Amino acid sequence: MKESAVEGQTLCYHCGNECIEDTIVADEKSFCCQGCKSVYEVLSANDLCSYYNYNAHPGANRANVESRFEYLDEPTIVADLVDYKDEKITMVTFYVPAIHCSSCIWLLEQLNRINPAIYYSRIDFLKKQLIVRFNNTESSLRQVVELLYNIGYEPLISLHDVIKKQAGNNSDHLVKKIAVAGFCFGNVMLLSFPEYFGLSGLQTTFSHFFGFLNVLFALPVVFYSGREYFVSAWNNLRNKVLNIDFPLALGIAVLFIRTITEVFTRTGAGFADTLCGLVFFLLIGKFVQKKTYHHLSFERDYRSFFPVAVQVIEEETEKPLPLAQLKTGQRIVIRHNEIIPADAILLNGDALIDFSFVTGEAEPVNKTLGEIIYAGGRQTGQAIEMEVIKPVSQSYLTQLWNNEAFTRKQDNRIQTFSQQVSKYFTIALLAIAFSALLYWLPVDYKKGLAAFTAVLIVACPCALALSTPFTMSAALSIFDRNFFYLKNTTVVEQLARIDTIVLDKTGTITTGDSKSISFEGNLSNQEKQLIYSACLNSGHPLSRMIYTSLAGQQRLATTQYQEIPGQGIVAEVAGRRLRIGNAKLVFGHNDNVPHLTRVHVLIDDGYIGYFAFSHQYRSGLEKIAWLVPAYKLFLLSGDQDHERYELVKFFKKDSSMRFNQSPQQKLDFISSLQNSGKKVMMIGDGLNDAGALKQSDLGIALTDNVNNFSPGSDAILDGKSLCKLPQFLRFSKDAVRVIHMSFLISLTYNVIGLSYAVSGRLSPLIAAILMPLSTATIISFTSIATHVAAKRRRL
Amino acid sequence: MSIIYLLIGCSIFLALCFLGAFFWAQSSGQNEDLYTPSVRILLDEESDPDPKENVT
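Chain order of the listed sequences is A and B. Residue 7 in the working numbering is what sits at position 7 of the first sequence, and the numbering runs on without skipping anything. Residue 1038 in the working numbering is what sits at position 38 of the second sequence, and the numbering runs on without skipping anything.
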């Protein structure tokens, strides 16, 4: 908690940010911007200030946020967004990225105190979703959204993917199946105990009764819980693939048939306990494998980033139009902070476009009238008018999604270890089973059948099927602890096979404010105040960096101020004359220091020193550079090659750095590497990397805030963990080794079991002991070994 | 000993009731959000007549 401010700093009462430029005071509380103050005013007017009691500074920063919601009055758009609507009630689910603490829960569940038309509002914290039910005769969707916006919780409204439409249905069925299997397993165990301990002769009637009950319990386990194994085995057989589900289904079927025959012919007790245990453990393995991150989305494309609607000018009036209906030739209006949804020509207004979502480049770009502006940029400043020249889906950036890499349906780029092994395993299993049958058949057909079925029962690869999910889910939780979120468990194996790493530059190895600042010379306190006050007047990125680095100073009155484009600032502050800028402004001639940016300071004709800016790469880039002999390393940048000189020390060869790459060229470069037999990992952050991320064998989206938009990928990596990438790579190899070892362990159990089975002597008791024992060994071995490996890699 | 038939019948019936209760809980969505209720229970019911006093 940053409850107490560092000396000289004022923290915003609402959001906790440092008040850098101006401090706005209301009710004896300071706020960093008008936005934060207005949220406070809304809350205090509604007696909702307990919000601030649960957490210090619970709000999200509201500076420079301005949104318009007219499009929420369009019935067609509303119909797409709401979950349910009748004459009176509307139900809608919002994704609210700002939800982060208990204060948020408290406030958002009190919405009806601000707007009485809202009957009900509920938060799902982990999914960051808000479900609202309101009276649509008294209030509209737009009013509800504006209310959320006014209290600082702007929902992210998009037609694609943001709200997860009950994707949990599948896992819901799995939980039910596990419940049934566990229920039957427990009861069957109870009913089987008398058999194991030996019933006295008098009570054999009980043993038949118990046997029938066991069969009864086995029915739902086979036909409800275990059904998907039969379905999957059958589908795979039809596609001529032998996967692990085939021996599993075979084992389940044989167990069931043999149990029924033994019970009904009264020749034995059957294997109902083994059967139920097998299905129960297998389903648990499946459940463990299905770990999902509710708050992350790995499938986002440009549609979840682009707005739902855009303002179109038709016959001199503006009206909102759903994005899908936007046609070429239409004139659109883009206001401050709105995203340009399609390639368009600038017709009117000052365009200052922030392409940070597209390229990761933080500095906005100026565009002149008549210039084509590509979709994906965000306008900052006044409203601009544009004419659409390409439909949304055909724009420079979005046409990337038409590439075949995105239409590829199934994600089976790499065969997993268990897929490779299970083919041979199945063949060996069938060979042993049939040779046992053939061996006994001439002697004793009963014993032959017994041996045949026993082999299929005992060699049922339960432990093998469990080793991968348990190892991988343990690995996943270790990655998760290190802010590396994988889409699913197979990604770990893909990670282990990578031999080529491709990095994007802007936003990936450089951060948003990619320069570090330092002052050469000595600054007195008063000089700091002077420079701070002068720079506050300027919007230039370098000035912004200077005043941010001097934040907390007292602001002095500026009496004269002039900004000379391309040179710097000339100002008079508190009676002192300041010249802050490049050498031309301060000394009158250019200095000849290439590759470095300096801002010199002159106060009252006395030279004080200069601010030096140097490019700052993410820490740990040199560690990635050390990977080089074992891995091939490439750089793909959409930018000019200004930094070639500084980057060559990381990438060694000039040829492994490519600049000026378009999104399509990035994708093509990846596929050319793949064609030469490389397994490529792409690390990128912007929409322009989306194609390369999708094409690569393993695409990692890098982000500084995992709740922000990130393009579709196999994994999401928090920027501060990029330095751990070498450890991640080594650890993934360890995890695969753990799977190999646990496979050996389960094979050992199989061999022990088989020695009983081929001789036809398998008793239900031995099967009932071997199966859970091997399962328990595998589960404990995999999780312990994975955690030990993680410790060794310091993860 | 034939009381065992009754006892086993009873125990299975009871166990089935619990299984049914679990199915009901699962389909009514009680297990969908396992985190938020744990926070919600710590938030006070609004009873403070003048919350502004609290703020300072």
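Built from N, CA and C at the ideal position, the CB exists for glycine as well. The structure presented is a predicted model; accordingly, all values stated were derived computationally and were not measured.
Pairwise C-alpha distance: Cys-101/A and Ile-157/A = Their Cα atoms are separated by approximately 21 angstroms.
Is the CB of Ile-114/A under 8 angstroms away from at least one CB in chain B?
-> Judged by the 8 angstroms Cβ criterion, Ile-114/A is not in contact with chain B.
Taking only the alpha-carbon atoms, compute the straight-line gap between Lys-1052/B and Asp-47/A and give it to the nearest angstrom.
-> Residue placement at Lys-1052/B cannot be trusted, given a pLDDT of 42 that sits under 50; what the coordinates show is reported in the next sentence. In this model, Lys-1052/B and Asp-47/A are separated by some 7 angstroms (Cα to Cα).
For Leu-486/A and Gly-699/A, the rounded distance between their alpha carbons | Approximately 10 angstroms between the Cα atoms of the pair.
So, helix, strand or coil for Lys-164/A, using DSSP?
-> Since pLDDT at Lys-164/A reaches only 48, below the 50 mark, its modelled position is unreliable, and no value is offered.
Beta-bridge pairing of Lys-724/A - partner residues as DSSP gives them = For Lys-724/A, which the question treats as bridged, DSSP gives no partner whatsoever.
Mind checking Pro-247/A: buried by the 16 CB within 10 Å criterion, or exposed?
-> Here Pro-247/A is buried: its Cβ has 16 or more other Cβ atoms, across all protein chains shown, within 10 Å.
Where Pro-711/A and Gly-684/A are concerned, what is the direct C-alpha to C-alpha distance, given to the nearest angstrom?
-> Near 9 angstroms, if we compare the C-alpha coordinates of Gly-684/A and Pro-711/A.
Would you check if there are 3 or more beta carbon pairs closer than 8 angstroms linking the stretch 679 to 693 of chain A to the stretch 649 to 667 of chain A?
-> Result yes; three or more Cβ-Cβ pairs closer than 8 angstroms.
Would you report the Cα separation of Ile-163/A and Tyr-71/A, rounded to the nearest angstrom?
-> Note that Ile-163/A scores a pLDDT of 48, beneath 50, so its modelled location is shaky; the value from the coordinates is reported in the next line. Distance between the alpha carbons of Ile-163/A and Tyr-71/A: 19 angstroms.
What residue does the beta strand (DSSP E) around Ala-436/A start on, and which one ends it?
-> Taken as a continuous stretch (DSSP letters only), Ala-436/A belongs to no beta strand (DSSP E), being part of the alpha helix (DSSP H) at 417 to 440.
So what's Leu-795/A in DSSP terms, helix, strand or just coil?
-> Shown here, Leu-795/A sits in coil according to DSSP, grouped into three states, outside any helix or strand.
Check whether the Cβ atoms of Ser-225/A and Leu-275/A lie closer than 8 angstroms to each other.
-> No, the pair does not count as a contact, with Cβ atoms beyond the cut-off.
Give the single residue among Lys-720/A, Leu-213/A, Ile-509/A whose Cα lies nearest to the Cα of Ile-260/A.
-> It is Leu-213/A.
Starting from Val-800/A, find everything on chain B with Cβ-Cβ shorter than 7 angstroms and list it in chain order.
-> Any answer about residue 800/A is impossible in this case: the structure gives chain A only from 1 up to 795.
Taking buried to mean at least 16 other C-beta atoms within 10 Å of its own C-beta, is Asn-341/A buried or exposed?
-> The amino acid occupying residue 341/A in the given sequence is Pro; Asn does not appear at that position. Note on Pro-341/A: 16 or more other CB atoms within 10 angstroms of its CB, so buried under the neighbour-count rule.
How many whole angstroms separate the CB atoms of Asp-639/A and Phe-659/A, which I take to be in contact at a CB cut-off of 8 angstroms?
-> Right, their Cβ atoms sit about 6 angstroms apart.
Counting only beta-carbon atoms, is Trp-234/A nearer than 8 angstroms to chain B?
-> Cβ-Cβ to chain B under 8 angstroms: no for Trp-234/A.
Straight-line CA distance for Thr-559/A to Pro-565/A?
-> Here the alpha carbons of Pro-565/A and Thr-559/A stand approximately 20 angstroms from one another.
Beta-carbon proximity check, Thr-500/A vs Leu-717/A, cutoff 8 angstroms | Going by beta carbons, Thr-500/A and Leu-717/A fall outside the 8 angstroms limit.
By how many angstroms is the C-alpha of Asn-150/A removed from the C-alpha of Gln-143/A?
-> The alpha-carbon separation between Gln-143/A and Asn-150/A amounts to approximately 10 angstroms.
For His-600/A, write down the residues that DSSP places opposite it in a beta bridge.
-> Partner residues in the beta bridge of His-600/A, as assigned by DSSP, are Gly-581/A, Tyr-610/A.
Rounded C-beta distance between Ile-89/A and Ile-123/A? I'm assuming under 8 angstroms.
-> Incorrect: roughly 19 angstroms between the Cβ atoms, too far for contact.
Along chain A, in chain order, which residues have C-beta atoms closer than 7 angstroms to that of Ile-1012/B?
-> Correct list: Asn-187.
Cβ of Leu-219/A less than 8 angstroms from any chain B Cβ?
-> Chain B contact via Cβ: absent.
Inter-stretch contact (C-beta, 8 angstroms, three-pair minimum) for the stretch 329 to 346 of chain A and the stretch 304 to 311 of chain A | The count of Cβ pairs closer than 8 angstroms, one atom from the stretch 329 to 346 of chain A and one from the stretch 304 to 311 of chain A, reaches three, so the stretches are in contact.
Could you say if the stretch 733 to 750 of chain A and the stretch 466 to 480 of chain A meet the contact criterion of at least three C-beta pairs nearer than 8 angstroms?
-> By the Cβ criterion, the stretch 733 to 750 of chain A is in contact with the stretch 466 to 480 of chain A, since at least three pairs of Cβ atoms, one from each stretch, lie closer than 8 angstroms.
From Ile-427/A, Phe-452/A, Ala-428/A, Thr-506/A, pick the residue whose C-alpha is nearest to that of Tyr-439/A; which is it?
-> With respect to the C-alpha of Tyr-439/A, the residue from Ile-427/A, Phe-452/A, Ala-428/A, Thr-506/A having the closest C-alpha is Phe-452/A.
Roughly how many angstroms separate the alpha carbons of Glu-316/A and Glu-387/A, rounded to a whole number?
-> Near 14 angstroms, if we compare the C-alpha coordinates of Glu-387/A and Glu-316/A.
Beta bridge counterpart(s) of Glu-572/A as assigned by DSSP = Paired residues: Gln-560/A, Arg-577/A.
Taking the alpha-carbon positions, what's the Thr-506/A to Ile-498/A distance?
-> Going by the C-alpha atoms only, they are around 23 angstroms apart.
Using the beta-carbon of each residue, which ones in chain B are nearer than 9 angstroms to Ser-102/A?
-> Scanning chain B for C-beta atoms nearer than 9 angstroms to the C-beta of Ser-102/A yields Val-1039, Arg-1040, Leu-1042, Leu-1043, reported in chain order.
Please check the pair Ser-732/A and Ala-496/A, which I expect to be a contact at CB under 8 angstroms, by giving their CB distance rounded to whole angstroms.
-> Indeed, because the Cβ distance is near 4 angstroms, the residues count as touching under 8 angstroms.
Which one of Asp-273/A, Leu-636/A, Leu-542/A, Asp-714/A has the shortest CA to CA distance from Tyr-196/A?
-> Closest by alpha carbon: Asp-273/A.
If the cut is a Cβ gap below 7 angstroms, which residues of chain B does Asp-124/A touch?
-> Going along chain B in sequence order, the residues near Asp-124/A (Cβ under 7 angstroms) are Asp-1033, Thr-1036.
Along the chain, where does the beta strand (DSSP E) that runs through Met-386/A open and close?
-> According to the DSSP assignment, Met-386/A belongs to the beta strand (DSSP E) that extends over 384 to 388.
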